[in-house]
Each structure stands twice: as C-alpha cells, then as structure tokens.
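> Sharing a structure with you now.
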Amino acid sequence: MELYTISALSKYYERWNMRLRKKDEIHVIKNLNLTISDNEFVCIIGKSGAGKTTLLKMLGGIEKPSTGSILYTNMELYKCPEVKMEEYRRKEIGFIFQDYKLLDEMTIQENILIPQILDGAKRETAESKVEEMTKQLDIYCKKNFYPYELSGGEKQRAAICRALINDPKVILADEPTGNLDSFNTELILNLLIQIKAELKKTIILVTHDKDICKYADRVMEMETGRIKEIHV
Amino acid sequence: MNKKYMSKIQWIIDDTSENKGISISFILAIFPLAFITDSYLFAVGNMEQNKGTENIKNIYLYVLFFLIVGLMFVLSYILISTIKLKAPRYSLLFILGIKKKDFWKILYKDYFMTLLRTGIKSAAVIHFLSMCMTDFIWNRNEPFLLIDFLLYYFMGIGIVCVMLVFLIFTVIAIAFYYSLGKEMIVFWEGLNRDIVFKYDNKFLYYLKPILGAFVEMLVIVFCLDYRTIYYAAVLQIVSFYLMSTSVGCLRWIAEYKRKKDYRSIISSYAVMYQYKFNSKLIIVIYLLNFIVAFVVGGFILSDLSDKSQKDYQEKYPFEYIVYGKNINFTQKFYPFFEGETEEGKEVAIFSLSSYENITKRKETLSEYEIIYISQHSPEDFRPLEGKQDLKVFFDSKEINYIIKDSRWETIFGENISPELEYILIVNDNEFEINASNKINLWFGNKIDFVIEKGNHVWNRTEAIEQEKESNRHVMILVYVTGLFLLLESQGIILIKLIVNHSAITKKYKLIYTLGVSRKNKKKYFFEEIRKMAFYPAVSGLIRGILLLGIIYFYQEGLSICAFANCLALCGIILLIQYGSYYCIALLMQRLYKCDLGMG
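Quick note, the sequences are listed as chains C and E, same order.
Each residue of the first sequence is one higher than the one before, starting from 673 at the first, in my numbering.
Each residue of the second sequence is one higher than the one before, starting from 0 at the first, in my numbering.
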C-alpha cells in the first residue's frame, strides 16, 4: 500500500539579486515524483544542499511546497484545513533530530510526555505509555534524569521514545546518528530496524553517510533538488 | 582595512530586527527621564517662586535623581545585553581571521555608533513627544517661545547622549579589560554560549527555600511593630529573591501544578526555566512594582487623609497673618525678633506674655529659660529629648538658653512662613533686654488696614489654593513616574526576550513540529511571557500595598476606603501590565515572525 505519493513537487525561495536588480528564484527541490510504501525503510542520501532536509520537512507538514502535491494515504497535505495538518503532525508523524531537541528544563519522562499532552491524552494512559516505551528502549532507569545528565546515545533513544509515543505511522529522521559515535550509531539504527519490523512503522531517514544505506529497504540519492538514483 | 570592506563587514553583522528591538527598548527606558526632565524644566521656568513650588521643585529633583540612577541601570542592562547579542558575530569575525586592530574599529562602528545613533534617534522622538505631553498635562498659561523649546529640547537630548556615551564606553572598556590575556574567539564565544540548565546542588536546593522561609518569618515579626516595619520592607525583597531563585521552591510549585493537571508541565516548567535564568530580571520587575505600589499608594493615602475643610482650619487657624518692621498697627499686635539656633534654624523669639495672650494659657519661665515650639510639619517634629540647652545667635550676640520644654504646636499655622516655623518663648525681662530689632506681628480673620510695601502678608485662602495646586502637581508627577517605572520594566523584558530569541525560537519550532497549532503556539508564547513577568509584578504590588496598609494602620487606623483605593490602583497597574505583555508578545512575533514560525 502506498503511503506517500509525491507528484511534481518543487520548492524555491525568492531572493533579491542586488547585481541584476531583480528577483531570483533559488530552487531547492525540482519537480520531484516519488512514492513511499507502508512499512518501508527509505534512506535519502546526498550532499549538503541537495534538498534532503527540505523534502523531509515537506513530508512532515512543516514546510509548504511551492508547487506540486504530497498525497498521504487519501489526504493531500497542505490543501487540507490547518486542523487536519496539526493532527497529521501530532498523530501520523514522529520526528527524530540530529541534535535531539530535548527541552533542558524537563526530565526525560516529561520530554517524552509532550506529544501526549499536546494530543490531550489522559495522565494515566500517557504515563503508562512512557513507562512501557522507556523500558523497551532501555532508558527506564534514566527517566527522571535531565538531558544534560545523559550521553548522546541515551538522549537519542529518549528522542525516539518521544517520536513513538503517539504511535505514528511514519518516523521522519533527520541525520539521527550525526552526533553519535560508531557504537551508538549502530545501536540507534538497529533500534529503527526493530521499530520498523515489530511496530510496522514507515521510516524515512535523511543522511549523508553512505554506510547507513545498508539498513534501508530503498535508498534514494538526491542531487541539486532532484532524485539522481534509486537503489533497492 | 579598506573603508569599503569595513562598511561591508559592518553591514553583514548588522541585524535590522535586533536594531528595531533595541530602539523600542531605548524608547521605553528613556521616556520616563525625558518626561520628568521636561516637567522639571517647565517647573523651574514657569512656576511662581513660593514655598509650595520650592517643595515641588525639590520633589522633582529627587525623582530626577532616582530616575537617572534607574535609567543608568536599565541602559547598562540594554547595552550589556546588546553586546552579548552581537558576540557570536564578533567571534565569527575572529574565526575568519580579522586583525585585532580592525576588530576594535568594527566594534566602534557597529556597537558604539549604531547604539549612539539609535539612542539619539529615540531621544529625539521621545523628547518631542514628552514636551508636547508636558505642555498638555501642566496647562502652560504663557505661550512657549521657539528658542526656549529648542533649548529644552536639545538639553534633554544632550543629557541622554552624555549618559549613553559614558555607558557605552564603560561597557566597551569592561569588555576590553576582560578580553585582555584571553583568546578573542574564546572570549566572544563565551559571552553568548547557550547555558545548560542545571539544578542547584543539593545544599543550595534545600538551603535557599529554608532561608527564604526564615527571612519571611522575620518579615512577619518585624511587621508587628511600627518601629521595625522598614526593616520588614527591606527583608521581604531578600526573601523574594531567595524564593524566586530557588529551584527547590520552583520545582515544588511545578510538581504541585503537575499533580493538579499534568498538561501544565509545558508552561510551568518553562516558567521555572525562565526564573532560573532570568533571576536578575525577575527581581527588577518585582522591585519596580513594589516601589510603584509603595510610593504611589503612599501618596494616594496621604492625599486622601488631607482633604477636608476642617483639616485646613486646624492647620491654619487665621485668615491673615501680617508682620514687618517699621509699621504701626492700629490693631493689637505682638512683637518678636529673629534669631538663629546653633543648628542653623531661623527662630522667632516671642515674650512669655505675648504667648500667654495668644494661647490663653499660663506658663512660668525663669531667666535664661525657653520654650521651644515647632510649627513645622508634625510628622517631622523631633522633641529635644535629653537636650539641656540651646545656643541662640541674634544681633551679633550669643546666648545659651536652658530648654524648659519643647513641643509641636499650631499657634499661627503650619509652615506658613520660614520665619515662623520655629518659635522660642522667653521670659518678659529677657525679651525687653534683647529685643532691639523688633518685628510687629498681627493675625486675625478680617483685614481692614492698608498693607505697606516691605511687609509680609500671608492669606489662608491663597495658601490653601496654592497647596491644592502643589498637591495636584505632586500627584500627577507620582502617577506618571509610577507608570513610567512600569514602562522601564517592560523595556527590560523586551531586551531580555530579544537576547534569548534563539533559545525561544528553538523551543517553539520543536513544539510546532510536535503538532501544536499556530494559534496554541502563540498562546503558549504569550503565557510564557506573562507568567515570567506577571508573577513577580503581582507579588511586588501585593507586598507593596500590604506593607503600606500596615504602616497606614499604625499611623491612622484602619480605613477601608483608602485601602480599597490602593487595591483599585493595583488592579489598574496589573491591567496595564497585562496589556503590555500582550503587546510585547505581538512585537516579538512581528520581529521574529519567520524564526518563530508564526507568520
């Protein structure tokens, strides 16, 4: 089953060219067509400036494309009402970032709780989910610690917990191993494989590290806003 | 370095949204000083010379001094915040290999000149507005000459410029001093490094709230006695500081809120974070609000307690008091002569028989014995307890008198004339021997003789009118100063938010990614600003009003009406502040629309 159908997707920014004294268009994504299936592990690789993160943000509903469409199951993103988009970001998507983006003032448990709070879940349900999730990802004993007290790998596992807590269908990971050593990189990637296999999630991972590609079902190489190659 | 490249680098490191924010902070901070300076200049140039206006001018000078000190503090805060804001770009210049010599030139152009320009522009706009406001509020009777207008206008701008130049140079000098012997990249990077949130160590975690609670108990104990109430006023600031910076206390409050509604953790923990990092800002907001409630509330209470006609009758028993040398009264009059005490106070020396005639009371006085009477404000009267004698100088003579009694008493009226504020009563013989330079005095309710030039005539109706006018001036001054002090606190909040905007942006981008709606994101943002600044403001106002209420209770007894007026004032202040926090949130959203993702 196809989860995303992307057609003629483009993203450009306008910029005032001082020399020519006219507006320039900087194309980040150019006429992209792509489909992503359910329960697939897609890896998007490419050099810096290839448009990987922009594509990920557009899939995540936080960056509006200039032209083209993204169809998620039967819903066309950015054409639906704002409320639907919020619900999409809250329930269908889980984000993992390179710099973890955990709030310093909250404990790990509280950080993981945020998506549940935003979703209006009941306290008991939310806390039991956090307990279960932290046990699965082996950070249960650290749940009352603060982010500054954790190692990079532990922080990233906490961020994965937060991404999974609302049981989304898709996990969008933006260079999730960029700040980690080789041991933790392998740990996190194995964890993502496990999540895909056991929880039946679709994983879209953006990286510039070609070694990570071996974990993916499909690898897309991007260059200057276009898909150069697809390896299966 | 080539001038063209220099200006290009300056252009690169310049940030328009930051400059806009800094201008607004400057405007908010400078406005109070500009207004009070203009009002003072108006008072000096337009008010008639009398005792009432002298008092007003003195009050202006006190307020001016207070505001200049406050403004120096606020401006230094803005300038230090600005240098921290620019620090990452300066460190980048060093990473890219700028020469030290060129860097100081860049700093001069980018920091000194930009800020001075912004300051002058803000001061120019503000002074024009404040002069129009002064004109409107004080009802200028005579037309204002253009030359005077320009003189006052440039004088006002000049004061701000001098202060700014001094402060900017001080900040640059401090930066230069601290950068000596250090790697410049490390120094500038260190100035605006993201601080990692760490809790107090266990010792401080428990010590601060315990100490805070102890000081709070001391405050309550000191409030029980009128003589120690001012210690309570100082100590409650210490207790607030200890409590508001104690992570233990903040954490307990957050935990309590979490137990009630676990959804509150997003906002309550954010507030805790803000309190931890912005402790100086929190205490400044608290202090400004406390001062506003205490001072403005105090003036309202004193104004309310001094209104009735009966009070004026007691204060000034006679409609006319006339005195002077070389005049012959047809009515009954009382002679006195002038002297000066060893403390430099002017005294009017009356004979015992005159005093007995005026007051219809019998007293006995031996040779060299005196009764010391003060007609100055009763609250300022200090009995000459323990003082046995008083040296008095008159007509190049010096006599050591023995004080038989000292008291506060209204004979002619309170503060009617400097010559009659302090009165000495001496034995009749003593008076006859020494009164070579006599002044004749008459008082009554109806005047039916011609007053010759050179004599002093005091009229109650005119005095009451003048006093009412002075009170009106003082009250307007107090209200406006109070309001403007609040503006200064808003200026500080704004600059703090501008400095912290990258951390704020990161957080709200994350919350947006996690699925919060734009509307709710705006709501959370406003809530965060409101909670950060509103709680210290409320605490400051309530503490100010409570302490004032206790002082008033000790002095005058319980007055529900007066207290209700003060509470109403607090309500209005809170409402104004609530509105201004909303404006600040809107302004921040406008300045950092793209970063905050609120467009």
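From the three backbone atoms N, C-alpha and C, an ideal C-beta is built for every residue, glycine too.
Owing to the predicted nature of the structure, the values given are computational and were not obtained by experimental measurement.
Would you mind reading off the limits of the beta strand (DSSP E) that contains D892 of chain C?
Note on residue identity: the sequence assigns Met, not Asp, to residue 892 of chain C. Start and end: R890 to E895.
> List, in chain order, every chain E residue whose beta-carbon is nearer than 8 angstroms to that of E758 of chain C.
Residues of chain E passing the Cβ test: G514, V515 and S516.
> Is it buried or exposed, N783 of chain C, if we count other Cβ atoms within 10 angstroms and call 16 or more buried?
With 16 or more Cβ atoms within 10 Å of its Cβ, N783 of chain C is classed as buried.
> Label T797 of chain C either buried or exposed according to how many other C-beta atoms from any shown protein chain fall within 10 Å of its C-beta, with 16 as the threshold for buried.
By the neighbour-count rule (16 or more Cβ atoms within 10 Å), T797 of chain C is not buried but exposed.
> Can we say the stretch 246-262 of chain E touches the stretch 205-223 of chain E, given the rule of at least three CB pairs closer than 8 angstroms?
With the cut-off at 8 angstroms, the stretch 246-262 of chain E and the stretch 205-223 of chain E touch.
> In three-state DSSP terms, what is D696 of chain C?
DSSP places D696 of chain C in strand when its eight states are reduced to three.
> Is the beta carbon of Y315 of chain E closer than 8 angstroms to that of R459 of chain E?
Contact: yes.
> Residue range of the beta strand (DSSP E) that G323 of chain E falls in?
It spans Y319 to G323 - the beta strand (DSSP E) in which G323 of chain E sits, taken as one unbroken run.
> If I follow the unbroken beta strand (DSSP E) through T901 of chain C, where does it start and stop?
Note on identity: in this sequence residue 901 of chain C is Glu, with Thr being the wrong assignment. R898 to H903 is the span of the beta strand (DSSP E), which, as asked, contains E901 of chain C.
> For a contact defined as C-beta to C-beta under 7 angstroms, what are the partners of K773 of chain C on chain E?
Residues of chain E passing the Cβ test: L509.
> State yes or no: is the beta carbon of G732 of chain C nearer than 8 angstroms to at least one beta carbon in chain E?
It does: the Cβ of G732 of chain C has a partner Cβ on chain E nearer than 8 angstroms.
> Please determine, among E:N436, E:I167, E:W441 and E:R406, the residue with the shortest C-alpha to C-alpha distance to Q330 of chain E.
Looking at the Cα atoms, E:W441 is the closest of the given residues.
> Please identify the residue among C:K814, C:G733 and C:D771 whose C-alpha is closest to the C-alpha of P753 of chain C.
For P753 of chain C, the nearest C-alpha among the options comes from C:G733.
> Please state if the CB of E895 of chain C and the CB of G718 of chain C are separated by a distance shorter than 8 angstroms.
Their beta carbons are under 8 angstroms apart, which means G718 of chain C touches E895 of chain C by this criterion.
> If I follow the unbroken alpha helix (DSSP H) through V582 of chain E, where does it start and stop?
Reading off the sequence, residue 582 of chain E comes out as Cys, not Val. It spans I559 to L590 - the alpha helix (DSSP H) in which C582 of chain E sits, taken as one unbroken run.
> Any chance the CB of Y818 of chain C is under 7 angstroms from a heavy atom of the ligand PLP?
Absent from the structure shown: the ligand PLP. Ligands present: none.
> Taking the alpha-carbon positions, what's the I780 of chain C to C813 of chain C distance?
If I take the Cα positions, the gap works out to 10 angstroms.
> Under 8 angstroms, do T480 of chain E and V159 of chain E count as touching if we go by C-beta distance?
No.
> Taking CB distances under 8 angstroms as the criterion, tell me whether K259 of chain E reaches chain C.
With 8 angstroms as the cut-off, K259 of chain E does not count as an interface residue toward chain C.
> Is it the case that the Cβ atoms of A680 of chain C and N703 of chain C are separated by a distance below 8 angstroms?
Yes, Cβ-Cβ distance for A680 of chain C and N703 of chain C is below 8 angstroms.
> Using the rule of at least 16 other Cβ atoms within 10 Å of the residue's Cβ for burial, across every protein chain shown, is Q489 of chain E buried or exposed?
By the neighbour-count rule (16 or more Cβ atoms within 10 Å), Q489 of chain E is buried.
> Any idea what DSSP makes of A680 of chain C, helix, strand or coil?
In this structure, A680 of chain C counts as strand in the three-state DSSP scheme.
> Report the CB separation of Q828 of chain C from Y772 of chain C in whole angstroms; it is logged as a contact under 8 angstroms.
So it is a contact: roughly 6 angstroms between Cβ atoms.
> Can you tell me the Cβ-Cβ gap for L351 of chain E and D427 of chain E, rounded? I've got them flagged as a contact below 8 angstroms.
Sure, about 5 angstroms apart at Cβ, within 8 angstroms.
> Compare the Cα-Cα distances from Y421 of chain E to each of E:I432, E:F430, E:E431 and E:T409 and report the closest residue.
Considering only alpha carbons, the answer is E:T409.
> What is the DSSP secondary structure of M747 of chain C, reduced to helix, strand or coil?
Strand, per DSSP.
> In chain E, what lies closer than 8 angstroms to M778 of chain C by C-beta?
The contacting residues are I264 and Y268.
> Run the CB neighbour count on N288 of chain E, radius 10 Å, all protein chains shown included, and call it buried at 16 or more, exposed below.
N288 of chain E should be labelled buried.
> Taking 8 angstroms as the threshold, find out whether the stretch 108-121 of chain E comes into contact with the stretch 513-533 of chain E through three or more Cβ pairs.
These segments do not touch.
> Helix, strand or coil: which one does DSSP assign to K619 of chain C?
Summary: the structure shown does not reach residue 619 of chain C, with chain C confined to residues 673 through 904, and so no result is reported for it.
> Does any residue of chain E bring its CB to less than 8 angstroms from the CB of R687 of chain C?
Closer than 8 angstroms: no.
> Indicate whether the contact test is met: 3 or more Cβ pairs, each with one atom in the stretch 567-582 of chain E and one in the stretch 316-325 of chain E, closer than 8 angstroms.
No: the two stretches stay apart, fewer than three of their Cβ pairs being nearer than 8 angstroms.
> Under 8 angstroms Cβ-Cβ, which residues of chain E neighbour F767 of chain C?
By Cβ distance, chain E contributes T512 and L513.
> Between the C-alpha atoms of G598 of chain E and K521 of chain E, what's the straight-line distance to the nearest angstrom?
Bear in mind that a pLDDT of 39 at G598 of chain E, under 50, signals an unreliable position, so the number given afterwards is only what the model happens to contain. Each residue's alpha carbon lies about 11 angstroms from the other.
> Tell me whether P603 of chain E is buried or exposed, calling it buried when 16 or more other Cβ atoms sit within 10 Å of its Cβ.
There is simply no residue 603 of chain E to check, as chain E begins at 0 and stops at 598 in what is shown.
> On a Cα-Cα basis, can you pick out the residue from E:N356, E:F293 and E:I67 that is closest to Y599 of chain E?
No answer is possible for residue 599 of chain E: it lies beyond the span of chain E, which begins at 0 and ends at 598.
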